[in-house]
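Participant: Read top to bottom, the protein sequences are chains A and B. In terms of the numbering used here, the first sequence opens at residue 47 and continues consecutively. In terms of the numbering used here, the second sequence opens at residue 47 and continues consecutively. Even glycine gets a Cβ: it sits at the ideal position worked out from N, Cα and C. Here the structure is a predicted model, which means the values were calculated and not measured. Could you have a look at this structure, given as structure tokens, before my questions?
Number of protein chains: 2
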Amino acid sequence: MRKVYITGFGQTRVQEHWDRSARDLATSSVLEALERAEVEGADAIYVGNALGGELTGQEDMAALVADFAGLAGTEAVRVEAAGGSGGAAVRLGYMAVASGLHDVVIVAGVEKMSDLAGPAVEEALATSTDEEYEGVQGLSPVALSALLMRRYMHEYDCERKDFASFSINSHQNAVNNEYAMFRRPITAQAFENARLVADPISLLDSAPTADGAATVVLCSVGVAGGRTRAAVEIIASASATDAVALHDRGNPLFLRAAYESARGAYAQAGVAPEQIDLFEPHDAFAILSALSLEACGFASEGRGVRLAMEGEIGLEGSIPICTMGGLKGRGYPVGAVGVYQIVEVCQQLLGEAGANQVEARLGMAQSIGGTGATAVTHILKGPK
Amino acid sequence: MRKVYITGFGQTRVQEHWDRSARDLATSSVLEALERAEVEGADAIYVGNALGGELTGQEDMAALVADFAGLAGTEAVRVEAAGGSGGAAVRLGYMAVASGLHDVVIVAGVEKMSDLAGPAVEEALATSTDEEYEGVQGLSPVALSALLMRRYMHEYDCERKDFASFSINSHQNAVNNEYAMFRRPITAQAFENARLVADPISLLDSAPTADGAATVVLCSVGVAGGRTRAAVEIIASASATDAVALHDRGNPLFLRAAYESARGAYAQAGVAPEQIDLFEPHDAFAILSALSLEACGFASEGRGVRLAMEGEIGLEGSIPICTMGGLKGRGYPVGAVGVYQIVEVCQQLLGEAGANQVEARLGMAQSIGGTGATAVTHILKGPK
């Protein structure tokens, strides 16, 4: 397999873009990424999008984005794995370049969510559950995560307020990210007083759905040439699945797909968790951050929340997470977030993270679909 | 790139499966394919599915299928390109094996459409159009194809009844296919008298939406070993796009994506159209068959309909098409048909096509999304 470099990236601010459509958001992030990569086209365009059909009535989003980015004709396909769609698209791009099939690939993630109101969005999000056993009972993603959180609190003897550190960290990091939705800090008191969405998950514990698009351009060394010296390299890519329904899992607090994909990525990169300098988890809810930290080996079983409480997930901590705000602070355009994560790891590894800059050579991003049904893990290496 | 063999395949009958869900249909085709391939698992599962979110409330279908096929944990992702989803999934499987990334890959296509009634299905199908410019005006796929057909009739001086040969051929070939939905022949008279759906397209010119799943198992030579001597090889795989909206195309009667992907496939295989022994086009409507025959070089511009009228698309003709019934006769479970096409080409190349057997060494399948927005073309070589 060949080396794969990220030579360009682009992103729109995450917010409710009332005046912009999915094609518009995606196209502007693609054009920004192409400009930075200094290429005019690509051999293929892979688009991560989770809910285009349900929320905007638009399928075949990849052909549409190719067309409006001025690249009609180019091979294009959409990849979907619920909230893990963005990561899955990056993996497909990685496969295409690493294999030698393509030299330049565009990977875009996009979601347009504000055209529909609350209940319709929640219904769309529930398509990531096992519809016939969970969704049909009203078990939406937030409800399933609430079940996991309560079980965690029971098993490991902690309280709702102990999860506050995750949201506080994400909001704090979003303050300095111009692409983030919520650029304001929150306090432990505010977290504790926040309105419950699905007990014990509150409003300040739930990543906000919104509109946005992010893009990376992947190149082989042949195309990137001398620019590889200043580029980020994808040194590992791995994907795994778990039973979709929580009741089909042996231990619901063990995110098997997250564990397996992280294990695969560590093996490919030849590194251990201790060598990872920052980690972008799928923090749709704080409980998922805690379980991901454990599954990926950054905390032992039942210690994920404690790691956060001890400040180790902050920019100065042993494993900084959500360094540009994460899903909670930057916002959660579902099928796009896996690509936002990769863009943000690039910013960190290139020293472009501004006030949020961490000292980093290796960064990891994990994109998750459903309540851990699909997990895609990438490890990136900076030019330093 | 390594050689890629199809060592197993499976399919359910296409019909309205009132008692079976998408997961059930997909799983049974996967298990059948694994048994034939004599493998127990795979390195990855790629699922082509177009409308699971809209029609069944189920996204992340690939993780679900992996789980219920007893393969939870395995890498799995869903690929979507509207009606071209199945072909796009086969291409992803091809990429993974050809590149050396994976040795055994399962590619399944599945669609469950009978849970919702007519208008909801038509609305779901319309997500393959450019929603903001076409779908919103009520331009569903059948309406767009009707525009193309009328333009074709005008440009090339032919009539509605001249298209009858396509449907007659498909229905005739479906009679002997036990997996087909409509196992009865139709007459030219019946075609002429059929109720109009979107003038000039009639009921007997429209492929019936239905439920079904098909699967192929792709292997590298290392795994297939000596069995490659009796296996079908994928000798070319290519994909291309066009503007999604018809009004964005220079000449709407030229299916650019079909042309480009066929050209790419011919180049990769090192063959010319004359060497292809059978062709499975995306015959959602007869006009699409005619335009595909022209785009792929089997007929010159404006001669596709004439080719059919002259009997050249029949089993004894110069280029047999829809040899097991095509979308019109076998049925049209949207995201699955691209995989059904590959299964049927395998049946032909292995001498397992029963009464429909044609003399064939090279077969081609073309999977199309939207009204030609995405096209994925594969050329397969039999063991003879």
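#1: Quick check for students: name the residue ranges of the alpha helix (DSSP H) that lie wholly in the segment 306 to 360 of chain B, counting only runs of 4 or more.
#2: Less than 7 Å separating the beta-carbons of B:A240 and B:E62?
#3: For the segment 61 to 73 of chain A, list every residue whose C-beta sits within 9 Å of some C-beta in chain B, in sequence order.
#4: Residues in its own chain within less than 6 Å of A:Q393 by CB, not counting five upstream and five downstream?
#5: Using 8 Å for Cβ pairs, my map puts B:L292 next to B:L190. What's the rounded Cβ distance?
#6: Can you check which of these residues, B:H328, B:Q235 and B:A144, is closest to B:G384 by C-alpha distance?
#7: Under 7 Å, do A:G155 and A:A382 count as touching if we go by C-beta distance?
#8: Can you list, in chain order, the residues of its chain whose CB lies under 7 Å from that of A:V243, leaving out five sequence neighbours each side?
#9: Can you tell which of A:M227, A:L117, A:A172 and A:D294 has its C-alpha closest to the C-alpha of B:G98?
#10: Mind checking B:D245: buried by the 16 CB within 10 Å criterion, or exposed?
#11: Between which two residues does the beta strand (DSSP E) carrying A:G409 extend?
#12: With C-beta atoms as the reference, is B:V111 less than 7 Å away from B:I388?
#13: DSSP puts B:A282 in a beta bridge; with which residues?
#14: Residues in the same chain with beta-carbon distance under 8 Å from B:A311, minus the five sequence neighbours each way, listed in chain order, please.
#15: For A:M141, would you say it is in contact with chain B, using Cβ-to-Cβ distances shorter than 7 Å as the test?
#16: Let me confirm a value: A:E126 is counted as buried when at least 16 other C-beta atoms fall within 10 Å, else exposed. Which label applies?
#17: For B:T53 and B:E157, what's the separation of their Cα atoms in angstroms?
#18: Roughly how many angstroms separate the alpha carbons of B:A72 and A:L361, rounded to a whole number?
#19: Taking A:A234 as the reference, give the member of A:S75, A:E205 and A:G184 with the closest Cα.
#20: Runs of 4 residues minimum, wholly inside the segment 82 to 165 of chain A: which ones carry the alpha helix (DSSP H) assignment?
#21: Tell me the DSSP secondary structure of B:A189 in three-state form.
#22: What is the residue span of the beta strand (DSSP E) that B:A220 lies within?
#23: In or out: B:A95 buried (at least 16 other Cβ within 10 Å) or exposed?
#24: Measuring CB atoms only, is the segment 344 to 358 of chain A touching the segment 195 to 211 of chain A, in the sense that at least three cross pairs come out at less than 8 Å?
#25: Please report whether the beta-carbon of A:T287 lies at a distance below 7 Å from any beta-carbon of chain B.
#26: Taking CB distances under 7 Å as the criterion, tell me whether B:G384 reaches chain A.
#27: Quick one: what's A:Y51 bridged to in DSSP?
#28: Please state if the CB of B:M195 and the CB of B:L101 are separated by a distance shorter than 7 Å.
#29: Where does B:G258 sit, in a helix, a strand or coil, going by DSSP?
#30: Please confirm whether B:G316 has its beta-carbon closer than 7 Å to some beta-carbon of chain A.
#31: When the cut-off is 7 Å and only beta carbons count, does B:Q218 lie next to chain A?
#32: Could you check whether A:Y198 and A:I333 sit closer than 7 Å to each other, using their CB atoms as the reference points?
#33: Please tell me whether A:R124 has its Cβ less than 7 Å away from any Cβ of chain B.
#34: What is the rounded straight-line gap between the Cα of B:A286 and the Cα of B:A90?
#35: Which bits of chain A does B:R309 rub up against, with CB to CB less than 9 Å?
#36: How is B:A382 classed by DSSP in three states: helix, strand or coil?
Facilitator: Result, derived from the coordinates:
#1: Runs of the alpha helix (DSSP H) inside the segment 306 to 360 of chain B: 332 to 341 and 350 to 355.
#2: In the second sequence, residue 240 of chain B corresponds to position 194, counting from 1. In the second sequence, residue 62 of chain B corresponds to position 16, counting from 1. Taking 7 Å as the Cβ cut-off, B:A240 and B:E62 do not qualify as a contacting pair.
#3: S67 and R69
#4: Here residue 393 of chain A refers to the residue found at position 347 when the first sequence is read from its first residue. Excluding positions up to five away in sequence, the list reads A399.
#5: Position 246 of the second sequence, counted from the start, is the residue given in the question as residue 292 of chain B. Position 144 of the second sequence, counted from the start, is the residue given in the question as residue 190 of chain B. That belief holds up - the Cβ atoms of B:L292 and B:L190 are roughly 6 Å apart, short of 8 Å.
#6: Counted from its first residue, the second sequence places residue 384 of chain B at position 338. For B:G384, the nearest C-alpha among the options comes from B:H328.
#7: As a working mapping, residue 155 of chain A is identified with position 109 in the first sequence. As a working mapping, residue 382 of chain A is identified with position 336 in the first sequence. Pairing A:G155 with A:A382 gives a Cβ-Cβ distance under 7 Å.
#8: Indexing the first sequence from 1 puts residue 243 of chain A at position 197. So the list reads V188, L249 and S252, once near-sequence residues are dropped.
#9: Counting from one through the second sequence, the residue named residue 98 of chain B turns up at place 52. Closest option to B:G98, judged by alpha-carbon separation, among A:M227, A:L117, A:A172 and A:D294: A:A172.
#10: For the purposes of this step, residue 245 of chain B is taken as the residue at position 199 of the second sequence. Exposed, by the Cβ-count rule.
#11: Taking the first sequence and counting its residues from 1, the one referred to as residue 409 of chain A is at position 363. Residue range L408 to G415 is occupied by the beta strand (DSSP E) that includes A:G409.
#12: If you number the second sequence from 1, residue 111 of chain B lands on position 65. If you number the second sequence from 1, residue 388 of chain B lands on position 342. Contact: no.
#13: On the second sequence, position 236 is the one that residue 282 of chain B refers to. Per DSSP, B:I425.
#14: In the second sequence, counting from the first residue as 1, residue 311 of chain B sits at position 265. Correct list, in chain order: A282, S283, A284, M410, T423, H424 and I425.
#15: Residue 141 of chain A sits at position 95 when you count from the first residue of the first sequence. Chain B has a Cβ within less than 7 Å of the Cβ of A:M141.
#16: Translated into the one-based positions of the first sequence, residue 126 of chain A becomes position 80. With 16 or more other Cβ atoms within 10 Å, it is buried.
#17: Along the second sequence, read from residue 1 onward, the residue named residue 53 of chain B stands at position 7. Along the second sequence, read from residue 1 onward, the residue named residue 157 of chain B stands at position 111. In a straight line, the C-alpha of B:T53 is about 23 Å away from that of B:E157.
#18: Taking the first residue of the second sequence as position 1, residue 72 of chain B is located at position 26. Taking the first residue of the first sequence as position 1, residue 361 of chain A is located at position 315. Rounded to whole angstroms, B:A72 to A:L361 spans 46 Å at the Cα level.
#19: Within the first sequence, numbered from 1, the residue matching residue 234 of chain A stands at position 188. It is A:E205 whose Cα lies nearest to the Cα of A:A234.
#20: 98 to 102, 107 to 114 and 131 to 144
#21: Within the second sequence, residue 189 of chain B is the residue found at index 143, counting from 1. Helix.
#22: The residue you call residue 220 of chain B lines up with position 174 of the second sequence. Careful: B:A220 lies outside any beta strand (DSSP E), inside the alpha helix (DSSP H) at A210 to A220.
#23: Here residue 95 of chain B corresponds to residue number 49 of the second sequence, with the count starting at 1. Note that residue 95 of chain B is Asn in the sequence shown here, rather than Ala. Buried: at least 16 other Cβ atoms inside 10 Å.
#24: yes
#25: Against the first sequence, residue 287 of chain A aligns to sequence position 241. By this cut-off, A:T287 is an interface position.
#26: Your numbering for residue 384 of chain B matches position 338 in the second sequence. Cβ-Cβ to chain A under 7 Å: no for B:G384.
#27: Reading the first sequence from its first residue, position 5 is the one you call residue 51 of chain A. Answer is A:C265 and A:E279, bridged to A:Y51.
#28: Looking up residue 101 of chain B in the second sequence gives position 55. Looking up residue 195 of chain B in the second sequence gives position 149. Not closer than 7 Å, so no.
#29: For the purposes of this step, residue 258 of chain B is taken as residue 212 along the second sequence, with counting starting at 1. In the structure shown, B:G258 sits in a strand (DSSP, three-state: E or B).
#30: Taking the first residue of the second sequence as 1, we reach residue 316 of chain B at position 270. Chain A contact via Cβ: absent.
#31: Start at 1 with the first residue of the second sequence, and residue 218 of chain B comes out as number 172. For B:Q218, the answer is no, since every Cβ of chain A falls outside 7 Å of its Cβ.
#32: As a first step, residue 333 of chain A must be located in the first sequence, where it is residue number 287. As a first step, residue 198 of chain A must be located in the first sequence, where it is residue number 152. A contact, by the Cβ cut-off of 7 Å.
#33: Counted from its first residue, the first sequence places residue 124 of chain A at position 78. Interface residue, yes.
#34: Translated into the one-based positions of the second sequence, residue 286 of chain B becomes position 240. Translated into the one-based positions of the second sequence, residue 90 of chain B becomes position 44. Using only the alpha carbons, I get a separation of about 24 Å.
#35: Within the second sequence, residue 309 of chain B is the residue found at index 263, counting from 1. None at all; the shortest Cβ gap to chain A is about 11 Å.
#36: For the purposes of this step, residue 382 of chain B is taken as residue 336 along the second sequence, with counting starting at 1. Helix, per DSSP.
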